[in-house]
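Residue numbers (this note's numbering): 1 to 61. No residue lacks a Cβ here, since even glycine has one placed at the ideal position from N, Cα and C. Quick caveat, the model's predicted, so the values are computed rather than measured.
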Ligand SMILES: [Zn+2]
């Protein structure tokens, strides 16, 4: 049922996302993946050096 691809965690909401299809952003040489563009935008809006505000319970589900 799952398509092959590595799952990683959305740092904003904690959901598991597929690296192959998820929106992503790079920071400090690391790539972060998001469940949706909302989380991506939230991450990008966080000043560098600051921890992105996490939101438990999901953001769009
Ligand atoms: Zn999310």
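Around the Cβ of residue i, are there at least 16 other Cβ atoms within 10 angstroms (buried) or fewer (exposed)?
i: residue 11; result: buried
i: residue 22; result: buried
i: residue 42; result: buried
Quick check: is any heavy atom of ligand 1 less than 8 Å from the C-beta of residue i?
i: residue 10; result: yes
i: residue 34; result: yes
i: residue 30; result: no
Go to residue i, then tell me how far its alpha helix (DSSP H) extends in each direction, as first and last residue.
i: residue 20; result: Premise fails: residue 20 is in no alpha helix (DSSP H) and is neither H nor E.
What residue does the beta strand (DSSP E) around residue i start on, and which one ends it?
i: residue 43; result: Premise fails: residue 43 lies in the alpha helix (DSSP H), 37-45, not in any beta strand (DSSP E).
What residues match up with residue i in a beta bridge as DSSP calls it?
i: residue 25; result: 32
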